Amino acid sequence: MSERELPKAYEPAAHEDAVYAAWEKSGFFNPDKLPGDRKEPFCIVLPPPNVTGTLHMGHAAMLAIQDLMIRFERMRGKKALWVPGTDHAAIATQSKVEKLLMEQGMKDPRRVLGREKFLDEVKKFAQESHDTIVGQCRKMGSSLDWSREAYTLDEARNRAVNRAFTRMYDDGLIYRGWRVVNWDPVGRTTISDDEVEHKEGKAAFYTFTYAPEFPIAISTTRPETKVGDAAVAVHPSDARYRKYVGKTYELNFAGAKLKIQVVSDDSVDPGFGTGALGVTPAHSAVDADIAKRHGLPTMQVIGEDGRMLPVAGELVAGRTTLEARAIVVAWLRDRGLLQKEEEVAQNVSIAQRTGAVIEPLPKLQWFVDVNKPLRRGWKKTTLKKLMQDAVKSGAVKIMPERFAKTYFHWIDNLRDWNISRQIWFGHRVPVWYKGDQLSVGESPGEGWTQDEDTLDTWFSSGLWTFSTLGWPDDTADLRTYHPTSVLETGYDILFFWVARMVLMSTYLVNEVPFKEVYLHGLVRDEQGRKMSKSLGNVINPLDMIAKYGADATRLSLVIGATPGNDLKMSEEKIAGFRNFANKLWNISRFVLTTIGDRGPQATEASRPAGLRAYEPQTLADRWILSRYGEVSREVTRLLDQRGFSAAGELLRDFTWNEFADWYVEAAKIQRAEPGHAHTTDAILMEILRGLLALWHPFMPFVTETIWGMMNADSSPYQGEGKEGSAMLMVQPWPEGLRVHDGGSEKGFVAIQGVIESIRKTRSDFGVPAGQMIPVRLTASDVSALEDHKELIKRLAKADPIEIQVSSETGYGVHITPASFVDKEKERARLTKEIEQLKGYAASTEGKLGNDEFVRKAPEKVVAEMRAKLDEAKAKLVALEGQLTSLN
RNA sequence: GGGCGGCUAGCUCAGUUGGUUAGAGCGUCACAUUGACAUUGUGAAGGUCAGAGGUUCGACUCCUCUGCCGCCCACCA
949 MSERELPKAY EPAAHEDAVY AAWEKSGFFN PDKLPGDRKE PFCIVLPPPN
999 VTGTLHMGHA AMLAIQDLMI RFERMRGKKA LWVPGTDHAA IATQSKVEKL
1049 LMEQGMKDPR RVLGREKFLD EVKKFAQESH DTIVGQCRKM GSSLDWSREA
1099 YTLDEARNRA VNRAFTRMYD DGLIYRGWRV VNWDPVGRTT ISDDEVEHKE
1149 GKAAFYTFTY APEFPIAIST TRPETKVGDA AVAVHPSDAR YRKYVGKTYE
1199 LNFAGAKLKI QVVSDDSVDP GFGTGALGVT PAHSAVDADI AKRHGLPTMQ
1249 VIGEDGRMLP VAGELVAGRT TLEARAIVVA WLRDRGLLQK EEEVAQNVSI
1299 AQRTGAVIEP LPKLQWFVDV NKPLRRGWKK TTLKKLMQDA VKSGAVKIMP
1349 ERFAKTYFHW IDNLRDWNIS RQIWFGHRVP VWYKGDQLSV GESPGEGWTQ
1399 DEDTLDTWFS SGLWTFSTLG WPDDTADLRT YHPTSVLETG YDILFFWVAR
1449 MVLMSTYLVN EVPFKEVYLH GLVRDEQGRK MSKSLGNVIN PLDMIAKYGA
1499 DATRLSLVIG ATPGNDLKMS EEKIAGFRNF ANKLWNISRF VLTTIGDRGP
1549 QATEASRPAG LRAYEPQTLA DRWILSRYGE VSREVTRLLD QRGFSAAGEL
1599 LRDFTWNEFA DWYVEAAKIQ RAEPGHAHTT DAILMEILRG LLALWHPFMP
1649 FVTETIWGMM NADSSPYQGE GKEGSAMLMV QPWPEGLRVH DGGSEKGFVA
1699 IQGVIESIRK TRSDFGVPAG QMIPVRLTAS DVSALEDHKE LIKRLAKADP
1749 IEIQVSSETG YGVHITPASF VDKEKERARL TKEIEQLKGY AASTEGKLGN
1799 DEFVRKAPEK VVAEMRAKLD EAKAKLVALE GQLTSLN
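Just add 948 to wherever you are in the first sequence, counting from 1, and you've got the working numbering.
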């Protein structure tokens, strides 16, 4: 191959699209079409991105990590399936479209358009968003099986949702009931507890009595709700109020007629406020519980629009809650009923999607009962227990482990899950009404009307692992790939999604949804801030791909990232990995252009994986093959344990610091020697191929591109009608090379030591220096050095070279000629080194002199320390000799 | 209020059951560099591992406490 064909620098943009197109054309993203006889399945379902817009760096990280696993397992010979899909994201999408339409001047889109037309708008937006997302996944190089693409709101998933709902309803796990729920006045829907965020704020805390004749003072931050009070609750043991318990007071409060009963209830904290709690059954979940226990009536005084209802009394009716609050407080103040007004820190409940302040309201909603006893096999259990058992039993392994605790804690506090929403975009609740009759599932026929509500988006996402594989049908995919192997997602949706998938899967298909959960962190900017449009610190993955390539972008998201920890991202970091991709390119360029002429036999002599035995001829050969074997085994082990970052770092260090910096350099010299040329070339080719394979899951594009050039004749995307099976993506994973006796390659380490010492001397003094360079050598090392004089000369640029064994120590090499420019400098350096060495020797001798240490420490540690100490002492003697000879 | 995590070089972070003189990348500085690569090479400087106790022959690692920083959960009205 001529050099002209290969540009000096790797240009990602010139190759990536063609490579992806070739992968897709091959069909290998689909495990059914993979070559070879594959038995073991490996499956990941892509956490479906919301169709609310475009992908950000967090998505890119997710794609990079999952593609890494999928490609690794595919090369290892598994039936690797990665299922793509998108999420309709109900509220998020609907409110986004609503906002867009309002920005375009439409006042109340839902009212103006009506259900059908409004949904058309949402669907149009969702479709565009979907197309963008799919395009971005391709740009990232994701080897997703597009033939199995799913959407949480498509026909097949709707069947799954309806089936799930029906079964849970039939089993009594889904019920309809009046409850005080979280009402989002902006989104005009209820939301689940998990969709409520708490923001710290300050609030005025008022202490007052309802009326002059009422004997007990209460405290609240929301006086306007008190027009709906039914009772005052006190603790049973509270002596202050005992005499009032059981009495009922009829009174006028801020224009409302109230009938207040004094009740005693354990849930009241006598130490808080006045120790008496005004019970507002309609607008507080806690109060609703108390009211239920005492049979108190519920009166809703706030409407869905966040305004006071007529029953609240004419004083406040029609007003917003804030206006009403001011009116009530003024009313109290005028009458001298207000005893205290103080400022307290208080958490405000905010709707996650719309940012609206939550208004607790009583509503008729659908719920999943998580505490209802159910029978599963022989034993009684509950949905909560199913969720706990899945993780406790080890059937689902959470990484990092600490999140298991968070998971259990969430379940402990879990209450019934409100699954109905009053929005339009989503799966319609599959319940039909006709008069008093109710039917669940398919439409029973004429005259029935369907429930207006839609389901929480997480209800459909909860089915994702099996609904994508064909459930409720008993499909081959479901049997083969479920439970899925790994769920890789962000820790921020552990509750929303991960827990719900466990719930749905263990209940509906009696299997865990996945065996392993790998939680990645959030991608932040270089200062650790969340990326947000308002901060202007958003790094768009597509921009980075355009500028530095998909491979560099992927590496920057994988290396340096540990599970569960946030990752700081910066453009410099991506640029650094672009440099590495280029390094790999240039290593290949060297190998291909210099030995390309002898290409055929070199290629034939080696295979990409399952490396055959070699007859290494030099120390460098033995050393690099041995290191390559170690590294490839270690990388495999690390990837197996999901240590992506460590695996990547190890590979990078080996590729750059060992293969490129040492072996390639040595190879330049070796291959000039007739006897060594062929082996050297073969080894270069062999290891390069192995490295491309090992790197492929990390950097699929550049590795596939180089691979195609190495096999230009059969290049899958450069020629017509070529076989896809020649592609790197389906080559077997290099399992590591087994190398000869082991140990003899250490001679090369000695040579490296000598060369480094010479370089250092040159660096310190600017000229080749003559000095005894202390290197620990065995007799065979010395002969190795004799044999490799040429290599040392060339690599160290030291000439001439003469190797001597020091008579005093038995260690060392002598490089001539001797002439130092700066004796002072040398003296200082030697002195410093000697001092360090002495310090070390003293502390080590101290330890070795400690009987207890020697007795208790592992033998290996002691032996290593002894050896190291001996070496240090010898070096010390050598250095001291140098110092005296200097004077 | 409950829980979790972090604190290691100027910056970003590794450090796998406790075991030699604690590592990498980036940045800084010095030097080098006409053939794979300036998207380069060689080297240097830089850390009492947040602090204090404890366990141990030995602690970045285990235990206790303290201090900052961050996150999650929570129906104290």
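The C-beta atom is built at its ideal place from N, Cα and C for all residues, glycine as well. From a predicted model like this one, the values you see are computed outputs, not experimental measurements.
C-beta atoms of residue i and residue j nearer than 8 Å
| i | j | result |
| --- | --- | --- |
| P996 | T1100 | yes |
| M1347 | R1590 | yes |
| R1600 | W1372 | no |
| V1506 | I1122 | no |
| A1744 | I1706 | yes |
| G1508 | L1467 | no |
| S1817 | A1789 | For clarity, residue 1817 is Leu in the given sequence; the question names Ser instead. A contact, by the Cβ cut-off of 8 Å. |
| K1786 | L1733 | no |
| R1096 | M1677 | no |
| E1069 | V1045 | yes |
| V1134 | A1304 | yes |
| V1216 | A1187 | no |
| I1250 | T1222 | no |
| A1272 | M1247 | no |
| H1078 | T1405 | no |
| G1203 | E1161 | no |
Assumed close pair residue i, residue j - CB separation to whole angstroms, cut-off 8 Å
| i | j | result |
| --- | --- | --- |
| C991 | Y1429 | 4 Å |
| L1322 | W1126 | L1322 to W1126, Cβ: 24 Å. No contact. |
| E1145 | Q1300 | 5 Å |
| F1443 | D1142 | 6 Å |
| I1367 | W1314 | 5 Å |
| S974 | M1657 | 18 Å between Cβ atoms; not a contact. |
| K1147 | I1298 | 5 Å |
Spatial neighbours of residue i in its chain, beta-carbon cut-off 8 Å, leaving aside the 5 residues before and after
| i | result |
| --- | --- |
| P1392 | W1380 and K1382 |
| W1533 | A957, Y958, V1650 and I1654 |
| D1514 | G1469, L1470, V1471, R1472 and G1476 |
| S1663 | With a pLDDT of 40 at S1663, under the threshold of 50, the modelled position of that residue is not reliable, and the figure given next carries that caveat. If we look at S1663 and ignore the five residues flanking it on each side, its Cβ neighbours are G1656, M1657, K1670 and A1674. |
Residue i, buried or exposed, once every other Cβ within 10 Å from all chains shown has been counted against 16
| i | result |
| --- | --- |
| T1157 | buried |
| L1587 | buried |
| P1511 | buried |
| Y968 | buried |
| E1390 | exposed |
| H1357 | exposed |
| M1050 | exposed |
| F1607 | buried |
| L954 | buried |
| N1295 | exposed |
| A1293 | exposed |
| E951 | In this predicted model, E951 has a pLDDT of only 42, less than 50, meaning its place in the structure is not dependable; the value taken from the coordinates is given anyway. With fewer than 16 other Cβ atoms within 10 Å, it is exposed. |
| F1525 | buried |
| K1521 | buried |
| N1659 | buried |
| K1174 | buried |
Same chain, Cβ closer than 7 Å to residue i, five either side skipped, listed in chain order
| i | result |
| --- | --- |
| D1177 | L1206, I1208, G1226, V1227 and T1228 |
| L1011 | C1085, M1088 and S1090 |
| A1008 | M1088, P1489, T1501 and L1505 |
| N1200 | A1159 |
Proximal residues to residue i (C-beta, below 6 Å), its chain only, five neighbours per side dropped
| i | result |
| --- | --- |
| S1387 | W1380 |
| D1425 | L1417 and G1418 |
| P1184 | S1212 |
| E1436 | I1013, Q1014 and Y1466 |
Given 8 Å, three or more beta-carbon pairs between the region 964-981 and the region 1460-1478: Flag = no, the region 964-981 and the region 1460-1478 do not touch.
message: With three or more C-beta pairs closer than 8 Å as the rule, is the region 1302-1316 touching the region 1228-1245?
response: Touching, yes.
query: Any chance the region 1453-1462 sits against the region 1413-1428, with 3 or more Cβ pairs inside 8 Å?
result: With a cut-off of 8 Å, the region 1413-1428 and the region 1453-1462 count as touching, because enough Cβ pairs lie within range.
message: Is it the case that the region 1208-1215 contacts the region 1270-1289, given that we only count it when at least three CB pairs across the two stretches are under 8 Å?
response: Judged by Cβ distances under 8 Å, the region 1270-1289 makes no contact with the region 1208-1215, as fewer than three pairs qualify.
- prompt: Does the count of Cβ pairs from the region 1604-1622 and the region 1565-1572 closer than 8 Å reach three?
  reply: Between the region 1604-1622 and the region 1565-1572 there are three or more C-beta pairs closer than 8 Å, enough to call the two in contact.
query: Would you call the region 1314-1321 and the region 1360-1379 touching, i.e. three or more CB-CB distances under 8 Å?
result: The count of Cβ pairs closer than 8 Å, one atom from the region 1314-1321 and one from the region 1360-1379, reaches three, so the stretches are in contact.
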